[in-house]
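If you read the sequences in order, they're chains Z and E. Every position in the first sequence, counted from 1, becomes a number in the numbering used here once 987 is added. Every position in the second sequence, counted from 1, becomes a number in the numbering used here once 24 is added. Glycine included, each C-beta is placed from N, C-alpha and C at the ideal position.
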Amino acid sequence: MSATKSHLVEQLKTGLDAPICLTWELTYACNLECVHCLSSSGRRDPRELTTDEAKAVLDELHALQVFYINIGGGEPMIRRDFFELLDYSIGRGIGVKFSTNGAFIDADKARRLAAMDYLDIQISLDGTDAVTNDAVRGDGSYDTAIRAMNHLRDAGFGEFKISVVVTRHNVDQLDEFKALADSFGAQLRITRLRPSGRGADSWHDLHPTNAQQRQIYEWLLAHGDNVLTGDSFFHLNALGEEPLPGLNMCGAGRVVCLIDPIGDVYACPFVIHDEFKAGSVRDPGGFAQVWKHSELFAELREPQSAGACASCGSYDACQGGCMAAKFFVGIPLDGPDPECVSGHGEAAMLAASATDRPRPMMDHSKPVRVALPERIPVSLGRR
Amino acid sequence: MSLLDRRLGLDAQVAVRPEPFGALAYHYGNRKLIFLKHPDVVRVVQALADHETLADTLRACDIDPSRWPSFERALASLTESEMLHERHEVAPR
């Protein structure tokens, strides 16, 4: 069985005819400003895809037989055409799972969502209490999320998902998250914190400690079959003989990709940076051309070098970890994951100078408002 | 009754997408994604509706009898995940 499985993984690494897991951030606009936001969202980008452009992308995904898409943002429900695009996608046979902070799910919207088929909803929550959650996601965001969950339950939506980014501060709450999800008849999804977007600045303070990594691994071994993780935690497989449930490989550009709000296509949702930009849905040939023929994706589908990890006995288990996590802390892509469970990441991070750390290239954070004590006279003139 | 004697068909909510290794099957109802890891499995699954039983289908697809047990296992797991179900309509002759 495991031989078949690894054979499949080898084949997946050479890429699929169309992505299995396509994330589409619909907008950079957001009512929140989470400190770990992968896309540094806040303000809408004026170049955002129009409704017609978005529908044309959905037509293409339909032709490629993409079964479902993961919609996110920003806060996707901010877009005025959100329901129009949802209807269009589902009408084209493309199921939708969307991530939201819940701010725009009132009783009416919940009923409307509950009436749709082939729709999954993921409410983001990063603490089982307001103090833990709001420290990361902003004041009032815990209450907002719980209110949305209540609306979905009352509307009879059925099994929605609660999506948690695991941090140093909420790792002890995994059992409580599971209990909370169970109490709503919801499914728990936990994902890995990455140093991407605004996470580049908050990661060093928020990412789980080495001891906590083992805690996550053990917890997933015990509960993983009933908890969604995507491909978040394969780097932890070096901790033991038993692989975690789920797809244990980096799917970037092979089975996974990201379309950002302005139509740029990246290898995965965690690498919004020119180095991992494969093209744009606005280019001639559209998304299909990018997926099938971009140079970047062709490179990612080639056998990857184990580099500095080649001599480590755990490489087959952890695959060298997450490309995005390495990139944004300045570790070479064939180096160890910054959260390498054997501790090689620490040294690699120390070896990387601050100038090796690429800055996220898209920043849609809201401008910081500085209260000025009084009007400062400004004179214009040549210096 | 052995799976070989059963009349199986793809669930109406399942889409099959060809891939280099075989195909992906996705069930829109239960959201399960299954890898059909060999092109012959894909051929058999897609031919089920044209034949009376699984055994008839395997014969029609020229699958060597020595490989039938592995096909039985593969199709049993597809039945468990509700990708395949019992056909009740009369099969075309």
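Check                                                                                                                                                                                : Outcome
Using a Cβ-Cβ cut-off of less than 8 Å, list which residues of the segment 51-63 of chain E approach chain Z; keep chain order.                                                      : Y52, R55, L57, F59 and K61
Can you tell me whether Z/P1290 is buried or exposed? The criterion is at least 16 other CB atoms within 10 Å of its CB, across all chains shown.                                    : exposed
Identify each residue in the segment 1045-1076 of chain Z for which the Cβ-Cβ distance to at least one residue of chain B is less than 8 Å, and report them in chain order.          : Checking the listed chains, one finds no chain B in this structure; the protein chains it contains are Z and E.
Beta-carbon within less than 7 Å of Z/R1201's beta-carbon, same chain only, minus the 5 sequence neighbours each way: which residues are those?                                      : L1226
DSSP state of Z/N1018, grouped into three classes?                                                                                                                                   : coil
Interface residues of chain E around Z/I1007 at Cβ under 8 Å?                                                                                                                        : L48 and L57
Who are the Cβ neighbours of Z/D1321 in its own chain at under 8 Å, not counting the five residues just before and after it?                                                         : Q1291, S1292, A1293, G1294, A1295, C1296 and G1307
Taking the straight line between their C-alpha atoms, what separation do you get for Z/T1216 and Z/V1158?                                                                            : 14 Å
With the cut-off set at 8 Å, would you say Z/P1063 and Z/V1243 are in Cβ contact?                                                                                                    : no
Going straight from the alpha carbon of Z/D1107 to that of Z/S1298, what length do you get?                                                                                          : 43 Å
E/P93 touches chain Z at which residues, Cβ-Cβ below 8 Å?                                                                                                                            : Result: empty, since nearest Cβ-Cβ is about 15 Å, beyond 8 Å.
For the segment 1255-1263 of chain Z and the segment 1066-1083 of chain Z, state whether three or more C-beta atom pairs, one from each stretch, are separated by less than 8 Å.     : no
Apply the 10 Å Cβ neighbour rule to Z/M1310 and answer buried if 16 or more other Cβ atoms are within range, or exposed otherwise.                                                   : buried
What is the rounded straight-line gap between the Cα of E/V132 and the Cα of Z/G1330?                                                                                                : Not covered by the structure: residue 132 of chain E. The range shown for chain E is 25 to 117.
Do the CB positions of E/L82 and E/V68 come within less than 8 Å of each other?                                                                                                      : yes
Looking at chain Z, is there any beta carbon in it that lies within less than 8 Å of the beta carbon of E/E43?                                                                       : yes
Cβ closer than 8 Å: which chain Z residues qualify as neighbours of E/A39?                                                                                                           : Q1052, F1054 and G1080
Excluding the five sequence neighbours on either side, which residues of its own chain have a C-beta within less than 6 Å of the C-beta of Z/H1156, listed in chain order?           : T1119
Taking the alpha helix (DSSP H) that Z/N1120 belongs to, which residues open and close that run?                                                                                     : A1117 to R1124
Between the Cα of Z/R1179 and the Cα atoms of Z/A1168, Z/L1207 and Z/A1016, which residue gives the shortest distance?                                                               : Z/L1207
Determine the chain E residues that contact Z/L1287 at a beta-carbon separation under 7 Å, and present them in chain order.                                                          : Correct list: empty, because the minimum Cβ distance to chain E is about 16 Å.
Cβ of Z/D1004 less than 8 Å from any chain E Cβ?                                                                                                                                     : yes
Do we get a CB-CB distance below 8 Å when we pair Z/L1175 with the residues of chain E?                                                                                              : no
With a threshold of 8 Å between beta-carbons, can Z/L1139 be considered close to chain E, or not?                                                                                    : no
In three-state terms, what does DSSP make of Z/E1146?                                                                                                                                : coil
What do you reckon, are the CB atoms on Z/L1019 and Z/G1125 nearer than 8 Å?                                                                                                         : yes
Which residues in the same chain as Z/A1132 place their Cβ atom closer than 6 Å to its Cβ, once the five residues preceding and following it in sequence are excluded?               : G1089, I1110 and L1112
With DSSP run on the structure shown, which of helix, strand or coil describes Z/G1127?                                                                                              : coil
In the DSSP assignment, what residue or residues form a beta bridge with Z/K1264?                                                                                                    : Z/Y1253
Look at the Cβ atom of Z/C1237, then the Cβ atom of Z/L1245, and state whether they are nearer than 8 Å.                                                                             : no
Quick one: list the residues of chain E neighbouring Z/L995, beta-carbon separation under 8 Å, in chain order.                                                                       : F45, F59 and K61
Kindly list the residues whose CB is nearer than 8 Å to the CB of Z/R1346, restricted to its own chain and excluding five residues on each side of it in sequence; keep chain order. : A1187
Select from the segment 1090-1112 of chain Z all residues with a C-beta closer than 9 Å to any C-beta belonging to chain E, and list them in chain order.                            : D1104, Y1105 and D1107
Measure the C-alpha to C-alpha separation of E/R111 and Z/R1185 and round it to an integer number of angstroms.                                                                      : 53 Å
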